[in-house]
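Undergrad:
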Amino acid sequence: MSDLEIRPARPEELTAVGELTLAAYSAERSLVDGVGYATELVDAARRAELAELLVAVDGDGTPVGTVTIARPGTPFAELSREGELEFRMLGVLPSATGRGVGEALTRAVLARARELAVARVVLCSLVTMTRAHRLYERLGFVRLPDRDWEPHPGVTLIAYGLEL
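Have a look at this one:
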């Protein structure tokens, strides 16, 4: 998308960013009943306060994608260690899928990691999110099976990392 801009989310966009994150995960059937993750996905204001929240906007300023960047030891970090940067909750508005938004957001995370001079970028993803896995692998991420984990019984998250 040539008219795509990626930048920190603005306060007036947080409601829309939360809604698009929830819509993206719902469209991918990535929500597990009874876990409460939908509440976390829709709360973009909390992510903006406690992490770095990026938004991808199209040419008319409409948010079409988002990603949360977390440093180790912060509230949104799940598996990052010292010298790493983690990203989570990458979501693309269902109507914008297939247009390179997810890749652009991932590349923005990698650029941020280089600015921070970290050695590795890590993430975890539901085992069923195979389309996302193909994107990460195409960009050079490799599986980190020793970091796979289950935040809830029956919910398996698999880890990826990219050395910078």
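Counted from 1, the sequence shown has number 610 at position 146 by my numbering; the numbering is strictly sequential. All C-beta atoms in this analysis are idealised placements derived from N, C-alpha and C, irrespective of residue type, glycine included.
#1: Specify, as a first and last residue, the run of the beta strand (DSSP E) that L517 falls within.
#2: With distances taken Cα to Cα, identify the nearest neighbour of V556 among E548, V565 and L549.
#3: I'd like to know if the segment 574 to 590 and the segment 507 to 514 are in contact, where contact means that at least 3 CB-CB pairs between them fall below 8 Å.
#4: Could you say which of V531, R595, E483 and G625 lies nearest to A572 if we only look at CA atoms?
#5: Buried or exposed for L580, please, with buried defined as at least 16 other CB atoms from any protein chain shown within 10 angstroms of its CB.
#6: Note down, in chain order, each residue of its chain lying with its Cβ closer than 7 Å to the Cβ of A577, except the 5 sequence neighbours on either side.
#7: Give the DSSP-derived three-state secondary structure of S589 in the structure shown.
#8: Between the alpha carbons of S559 and V506, how many angstroms are there, rounded?
#9: If you draw a straight line from the alpha carbon of A502 to that of L486, how long is it in whole angstroms?
#10: In the structure shown, what three-state DSSP assignment does G529 receive?
#11: Report the partner residues of G555 according to the DSSP bridge assignment.
#12: So, for T592: in the same chain, excluding its five sequence neighbours on each side, which residues have a beta-carbon less than 6 Å away from its beta-carbon?
#13: Is L599 near T570, with beta carbons less than 9 Å apart?
#14: Quick check on R471: buried or exposed, where buried means 16 or more other Cβ atoms within 10 Å of its Cβ?
#15: Distance, Cα to Cα, L522 vs R563?
#16: Could you give the DSSP three-state label for A541: helix, strand or coil?
TA: Checking against the coordinates, here is how it stands:
#1: E516 to V521
#2: V565
#3: no
#4: V531
#5: exposed
#6: L549, V585 and L628
#7: strand
#8: 18 Å
#9: 6 Å
#10: strand
#11: T530
#12: none
#13: yes
#14: exposed
#15: Contrary to the premise, residue 522 reads as Asp rather than Leu in this sequence. Approximately 11 Å, taken between the alpha carbons.
#16: coil
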